[in-house]
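Undergrad: If you read the sequences in order, they're chains A and B.
Whatever position you read off the first sequence (first residue = 1), add 251 for our numbering.
Whatever position you read off the second sequence (first residue = 1), add 17 for our numbering.
We put the CB at the ideal spot given by N, CA and C, even for glycine.
All values derive from a computational prediction rather than experimental measurement.
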Amino acid sequence: MVEWTDQERNIISGIFSNLDYDDIGPKALVRCLIVYPWTQRYFGTFGNLSNADAIKTNPNIAAHGIKVLHGLDRALKNMDNIKATYAELSVLHSEKLHVDPDNFKLLADCLTIVVAAKLGNAFTPDMQAAFQKFLAVVVSALGMQYH
Amino acid sequence: MSLTAQDKNTVKAFWSKVSGKAEDIGTDALARMLIVYPQTKTYFSHWKDLSPGSAPVRKHGKTVMSGVADAVTKIDDLTAGLLNLSELHAFTLRVDPANFKILSHNILVVMAIMFPGEFTPEVHVAMDKFLAALSRALSEKYR
Chain A
252 MVEWTDQERN IISGIFSNLD YDDIGPKALV RCLIVYPWTQ RYFGTFGNLS NADAIKTNPN
312 IAAHGIKVLH GLDRALKNMD NIKATYAELS VLHSEKLHVD PDNFKLLADC LTIVVAAKLG
372 NAFTPDMQAA FQKFLAVVVS ALGMQYH
Chain B
18 MSLTAQDKNT VKAFWSKVSG KAEDIGTDAL ARMLIVYPQT KTYFSHWKDL SPGSAPVRKH
78 GKTVMSGVAD AVTKIDDLTA GLLNLSELHA FTLRVDPANF KILSHNILVV MAIMFPGEFT
138 PEVHVAMDKF LAALSRALSE KYR
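(1) Report the residue from Y159(B), L125(B), L155(B) whose alpha carbon sits nearest the alpha carbon of F31(B).
(2) Scan the region 73–152 of chain B and note each continuous alpha helix (DSSP H) run of 4 residues or more that stays entirely inside, going in chain order.
(3) Helix or strand or just coil, what does DSSP make of G37(B)?
(4) At the 8 Å Cβ level, is G371(A) part of the contact set with chain B, yes or no?
(5) Just to confirm before moving on: does the CB-CB distance between V245(A) and K318(A) stay below 8 Å?
(6) Please report the straight-line C-alpha distance between T137(B) and Y293(A), rounded to a whole angstrom.
(7) Is it true that the region 325–338 of chain A meets the region 97–106 of chain B, where meeting means three or more beta-carbon pairs spaced less than 8 Å apart?
(8) Let me know the secondary structure DSSP gives F61(B) once reduced to three states.
(9) Are the C-beta of R153(B) and some C-beta of chain A separated by less than 8 Å?
(10) Are the region 62–80 of chain B and the region 105–117 of chain B in contact at 8 Å, needing three or more beta carbon pairs?
(11) Would you say F374(A) faces chain B, with C-beta separation under 8 Å as the test?
(12) At a CB-CB cut-off below 7 Å, which residues of chain A make contact with V142(B)?
(13) Quick one: which chain A residues come within Cβ less than 7 Å of I52(B)?
(14) Rounding to the nearest angstrom, what Cα-Cα distance links S83(B) and A303(A) in this structure?
(15) Residues of chain B with CB under 7 Å from D360(A), in chain order?
(16) With a threshold of 16 other CB atoms inside 10 Å of the CB of K146(B), please say whether the residue is buried or exposed.
(17) Can you pull out the residues from the region 107–134 of chain B whose beta carbon lies closer than 7 Å to at least one beta carbon of chain A?
(18) Mapping the DSSP letters down to three states, classify L323(A) as helix, strand or coil.
(19) Taking only three categories from DSSP, how would you classify Y397(A)?
(20) Going by alpha carbons, who is nearest to L343(A) out of A392(A), V253(A), L284(A)?
(21) Given a threshold of 16 other Cβ atoms within 10 Å of its Cβ, counted over all protein chains shown, does A305(A) qualify as buried or as exposed?
(22) Is the region 315–333 of chain A touching the region 343–355 of chain A in the sense that three or more CB pairs, one from each, lie closer than 8 Å?
(23) Which residue comes first and which comes last in the alpha helix (DSSP H) that contains G276(A)?
(24) Can you tell me the Cα-Cα spacing of L270(A) and V81(B), whole angstroms?
(25) Quick check: is the beta carbon of I275(A) nearer than 8 Å to any beta carbon in chain B?
(26) Could you check how far apart the C-beta atoms of L67(B) and F117(B) are, in whole angstroms? I think they sit under 8 Å.
(27) Check whether the Cβ atoms of N101(B) and A46(B) sit closer than 8 Å, and answer yes or no.
(28) Report yes if the C-beta distance between V390(A) and I333(A) is below 8 Å; otherwise report no.
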């Protein structure tokens, strides 16, 4: 089981309580699709992804970015049992969506960078460490039910 | 995943905007690496102080970013241009190349923090590719 210090819990809940999901969600997903273009393979039915501007203005992508970011709320509410919390979502990503679990880390890295850009110097090294640890645990949990 | 002409232009243009802050970028990226990836501290057991802003971290951050600046000027042939640095890392420093990816990530995070408007997704992908190519060139002499 993952151990969290009080400082880590405070940092993580602090970041999310001040987050504009409608802004950060789309930005993170858009960035992932542009920086790691092979991730576009999962969005064939989402409309025009033919260039960076199309991706940035695609309303389906924006909506999905918000949805994915809210998916992290489950981990926030169950920090002491993230693995079990994501079992069902892990099965979904494996058996229905067929997403290569390596992609989860790519999106997590893009989310870190988008949050860093938003918070600026307020995103201290300690905050980065806690945030990345949180995302790493979620990423691991999402990959658990792949067989 | 080699650098296109557009990637190179994007990197050079972005670098000219940020190079004035190279020392700050290097210091912050290194400090973050040591805190967020504590296993990287194993390479610096000879330093008295590994805290952010300390003298050794500042000095080394500057050294590393000078290397990055140099690589920008040699972007058309990184393997040849970074030969000596590759030999240094391979035979003397013996840094596990996995760590190049870690430091690259932290450089990108610092760029997002310091230049949120300029570090667009298009600039991000070009810089990510450049740092990856740089890391590959640095790994050239390892074996």
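TA: According to the structure data:
(1) Comparing Cα-Cα distances from F31(B) to each of Y159(B), L125(B), L155(B), the minimum goes to L125(B).
(2) 95–98, 100–104, 115–131
(3) helix
(4) yes
(5) Because chain A is modelled from 252 through 398, residue 245(A) falls outside the range shown and cannot be assessed.
(6) 23 Å
(7) no
(8) helix
(9) no
(10) no
(11) yes
(12) I285, V286
(13) P376, D377, A380
(14) 31 Å
(15) Chain-order list of chain B residues neighbouring D360(A): H122, by C-beta distance under 7 Å.
(16) buried
(17) Result list: H122, L125, V126, A129, I130, P133.
(18) coil
(19) coil
(20) A392(A)
(21) exposed
(22) Counting Cβ pairs under 8 Å, fewer than three are found: no touch.
(23) 272–286
(24) One C-alpha to the other measures close to 33 Å.
(25) no
(26) L67(B) to F117(B), Cβ: 19 Å. No contact.
(27) Contact flag unset, no.
(28) Taking the C-beta atoms as reference points, I333(A) is found no nearer than 8 Å to V390(A).
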